[in-house]
Amino acid sequence: MQISGISITGSLFLIIGIIMYKGLPYISWEMISQSPKGGFYIGKGGGIFNAILGSLYLAGLSTVLATLIGIPIALYLNMYIKQGSFLEKSSKLLFDVLFGIPSIVYGAIAFSIMVWLGIRASLLGGVITITLLTIPIVVRTIDELLLTVPVDLKNVTKSLGATTWETAKVLIKYIKPGIFTAILLAFGRAIGDVAGVLLTTGFSDNLPKYIDEPAATLPLAIFFQLSSPIPEVQGRAYASALVLTLIILIIVICTHILASKQKKHKI
Amino acid sequence: MHAHSSIETKETQNIILPSTPHMQIKDLNVYIEGTHILKNINLDIPNNSITSIIGPSGCGKTTLLKTLNRLMDDSKEVKVTGSVLVNGEDIYAKDAEVTHIRKKMGLLSQRPFPLPMSIFDNIAYGPKIHGERNKKVLEQIVETQLRNVGLWEEVKDRLDSSATGLSIGQQQRLCLARGLAVQPEIILGDESTSALDPISTQTIENLLIDLKKDYTIVLVTHILRQARRVSDYILFVYNGKAVEFGKTEDVLINPKNPITQQYVKGFIS
Ligand SMILES: Nc1ncnc2c1ncn2[C@@H]1O[C@H](COP(=O)(O)OP(=O)(O)O)[C@@H](O)[C@H]1O
Ligand SMILES: [Mg+2]
């Protein structure tokens, strides 16, 4: 127990330590606030602001969409179809499978849908892909949360004459702190994914302005910089990784603060 | 065993009640995951009185109570046959509206379960979902019902704070008030005092005795002394069967059925 605890915390600090050690020397205000200038990837000036913004847009939009689609699905599976039925069991199994499919497969599927619809590699394409990728995360997490709701609570609202939807609203309230965790998981997966965006989002040195244009993302920027033989550029890859880690850290902290404020009425 | 209970089932039907039955249970059978849990229950529940359902644990008391509120049949693999009439209307009829049926009955469960909201909203929740929007009216309902359960003086200064901050006894009274706020006709209680201290238990018991002038009350309990204290009628359930029904003193002092005799004497528990 202790050993596993130490090794988990230890490897976490090791990862962050390596990123800081390798990345900190290369981090600068210019790097965070500017788009790449010509030749950025061979060691010239500019920064990764385009990728930061692109990733925030992509992950933000996808997470919002996945939450808006995923929560009703989870509620439907738990409250509107008879529990224990074939439909319920097979749907939940389906989402388990979807949860486990690697993101490159989502990328490939979304890519073929985009070809069919005539959408080119763009922020929109990325949002579609990452939304598909994160819906199962939201559904499965919310589903688990709903299973923890005491039967008595459902019986309370029902016996007051509440409809299924009115009961569902109370359950949402009850699991609210957990919903933040679900959103966080989805966001973390969304902002860190490479394979899903590789084919569908493209890359651009410009700031993302339009949803139907290619957009840069942080994971891809890191990938490109790491593949460079120039030490300077490789260093910047670690600096970019540090920025990505910081963004996730900020989101985690904000989520915790929001979640603890919501705990007020929790039983 | 089988012969016994079929005789008893007949007898239960023949008891002449002083008042008209509010609820009538007819040939009720409940199966959970294929197991026969409630076996051919027939019972008339008189109005404006307290009927206690007693019996050893696992005999089907909770199941019977939840069947009266249609809370059983939406959980998985539950089959209910027979009928339950409320004011002569079958709540298991095809066209029966479940939310409407449940609104007629307040449920007080084993442990208090406040909704995850403020004290005020806990009481106002029921009236709100049934369409009451007027803030003045809601305030009136909240005050009336909190007074009804003797909680008003204790909580009137903290209506906006979370209901979970109340003591268990206060919470259970809050839950009773919450149920009363939707103006039910029937109160169902499932061992509603088992989590409470003796004083809170007494408060709830006295409240229920008070309320029976306006409501029909059905209580599940496994405490014989409680059944004796509060109830007008007692139904003894054993192994999913309605073994004996009658006036409290008849069932507890002069039970007809040998199994009831054994239970009342404390040989079965
Ligand atoms: N959800 C369920 N699944 C399977 N069996 C159940 C379920 N609920 C109740 N039972 C069974 O039904 C019987 C009656 O239970 P219950 O009505 O809770 O008894 P009591 O309230 O008298 O203690 C028990 O044998 C119990 O195991
Ligand atoms: Mg019980």
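So the sequence lines, in the order shown, correspond to chains A and B.
For the first sequence, counting from 1, position 60 maps to 60 in my numbering; every step adds exactly one.
For the second sequence, counting from 1, position 200 maps to 1200 in my numbering; every step adds exactly one.
Even glycine gets a Cβ: it sits at the ideal position worked out from N, Cα and C.
Note that this is a predicted model, so its numbers are computed, not measured.
For residue i versus residue j, is the C-beta spacing smaller than 8 Å?
i               : j               : result
M1072 (chain B) : V1098 (chain B) : no
Q1172 (chain B) : L1188 (chain B) : no
T9 (chain A)    : A186 (chain A)  : no
G1131 (chain B) : V1182 (chain B) : no
G192 (chain A)  : P219 (chain A)  : yes
I73 (chain A)   : V139 (chain A)  : yes
L123 (chain A)  : E30 (chain A)   : no
S1200 (chain B) : Q1110 (chain B) : no
E166 (chain A)  : I1129 (chain B) : yes
G235 (chain A)  : K82 (chain A)   : no
I128 (chain A)  : A110 (chain A)  : yes
N1122 (chain B) : L1174 (chain B) : yes
T217 (chain A)  : S55 (chain A)   : yes
L1085 (chain B) : K1026 (chain B) : yes
V149 (chain A)  : F1113 (chain B) : no
L1028 (chain B) : G1088 (chain B) : no
G126 (chain A)  : M114 (chain A)  : no
L1207 (chain B) : L1176 (chain B) : yes
Hey, is residue i's beta-carbon within less than 8 Å of any beta-carbon in chain B?
i              : result
E166 (chain A) : yes
L249 (chain A) : no
Y80 (chain A)  : no
D152 (chain A) : yes
L258 (chain A) : no
I267 (chain A) : A caution first: I267 (chain A) carries a pLDDT of 43, below 50, which makes its placement in the model too unreliable to give a value.
Y174 (chain A) : yes
T163 (chain A) : yes
V149 (chain A) : no
N50 (chain A)  : no
G10 (chain A)  : no
K261 (chain A) : no
V170 (chain A) : yes
Closer than 8 Å, CB to CB, is residue i near chain A or not?
i               : result
N1069 (chain B) : yes
R1102 (chain B) : yes
P1258 (chain B) : no
T1062 (chain B) : no
V1084 (chain B) : no
T1221 (chain B) : no
V1182 (chain B) : yes
I1129 (chain B) : yes
T1099 (chain B) : yes
T1009 (chain B) : In this predicted model, T1009 (chain B) has a pLDDT of only 45, less than 50, meaning its place in the structure is not dependable; the value taken from the coordinates is given anyway. Output row for T1009 (chain B): interface = no.
S1192 (chain B) : no
L1057 (chain B) : The sequence shown places Ser at residue 1057 (chain B), not Leu. S1057 (chain B) does not count as touching chain A.
G1189 (chain B) : no
S1005 (chain B) : Low per-residue confidence applies at S1005 (chain B): pLDDT is 42, beneath 50, and the placement is therefore not dependable, though the value from the model is reported in the following sentence. Judged by the 8 Å Cβ criterion, S1005 (chain B) is not in contact with chain A.
E1077 (chain B) : yes
M1001 (chain B) : Legend: pLDDT at M1001 (chain B) = 40, less than 50; position of this residue unreliable, no value from coordinates given.
S1167 (chain B) : no
Identify the contact partners of residue i in chain D, using a Cβ-Cβ distance below 7 Å as the criterion.
i               : result
M1105 (chain B) : Considering every chain present, this structure includes no chain D. Its protein chains are A and B.
DSSP has residue i in a bridge; who is on the other side?
i               : result
V1245 (chain B) : A quick correction: the sequence has Phe, not Val, at residue 1245 (chain B). Its beta-bridge partners are B:L1235.
T1216 (chain B) : B:I1186
D1106 (chain B) : The residue asked about is misnamed: residue 1106 (chain B) is Gly in this sequence, not Asp. The partner list for G1106 (chain B) (beta bridge, DSSP) reads B:I1187.
V1078 (chain B) : B:I1032
K1026 (chain B) : B:S1083
Q1052 (chain B) : Reading off the sequence, residue 1052 (chain B) comes out as Ser, not Gln. Its beta-bridge partners are B:L1219 and B:I1234.
S103 (chain A)  : Its beta-bridge partners do not exist; DSSP assigns none.
E1089 (chain B) : B:V1086
Q1162 (chain B) : The sequence as given places Ser at residue 1162 (chain B); Gln does not occur at that position. Answer is B:S1118, bridged to S1162 (chain B).
P1046 (chain B) : B:P1021
L1038 (chain B) : B:V1030
Taking 7 Å as the cut-off, is the CB of residue i close to at least one heavy atom of ligand 3?
i               : result
K1061 (chain B) : This structure simply doesn't include ligand 3; it includes ligand 1 and ligand 2 instead.
Assuming residue i and residue j are in contact, meaning their beta carbons sit under 8 Å apart, how far apart are those beta carbons, in whole angstroms?
i               : j               : result
V1220 (chain B) : D1190 (chain B) : 5 Å
A215 (chain A)  : S204 (chain A)  : 6 Å
I48 (chain A)   : I230 (chain A)  : The Cβ separation is near 16 Å, so there is no contact.
T181 (chain A)  : T141 (chain A)  : 7 Å
E1143 (chain B) : W1152 (chain B) : 6 Å
D1232 (chain B) : K1256 (chain B) : About 18 Å; that fails the 8 Å criterion.
I1234 (chain B) : A1242 (chain B) : Between A1242 (chain B) and I1234 (chain B) the Cβ distance is about 11 Å, and since that is not below 8 Å, they are no contact.
I942 (chain B)  : V1218 (chain B) : Lying before the first or after the last residue shown, residue 942 (chain B) is absent from chain B, which here runs from 1001 to 1269.
P136 (chain A)  : L75 (chain A)   : Not really, about 15 Å apart at Cβ, beyond 8 Å.
T1164 (chain B) : E1185 (chain B) : The pair is not a contact, with the Cβ atoms about 29 Å apart (cut-off 8 Å).
L1068 (chain B) : S1118 (chain B) : L1068 (chain B) to S1118 (chain B), Cβ: 30 Å. No contact.
By the 9 Å beta-carbon criterion, what residues does the stretch 206 to 220 of chain A contribute toward chain B? none
Please name the residues in the stretch 176 to 195 of chain A whose beta-carbon is closer than 7 Å to at least one beta-carbon of chain B, in chain order. Under the 7 Å Cβ criterion, the stretch 176 to 195 of chain A contributes no residue.
Can you give me, in chain order, the residues of the stretch 1111 to 1124 of chain B that have a beta carbon less than 8 Å from any beta carbon in chain A? R1111, F1113, P1114, L1115, P1116, M1117 and S1118
Near-chain A residues of the stretch 1036 to 1052 of chain B (beta-carbon distance less than 8 Å), N- to C-terminal order: Residues of the stretch 1036 to 1052 of chain B with a C-beta atom less than 8 Å from some C-beta of chain A do not occur.
Where the stretch 65 to 94 of chain A meets chain B: residues whose CB sits under 8 Å from a CB there: Taking 8 Å as the Cβ-Cβ cut-off against chain B, the residues of the stretch 65 to 94 of chain A that qualify are K82, Q83, G84 and S85.
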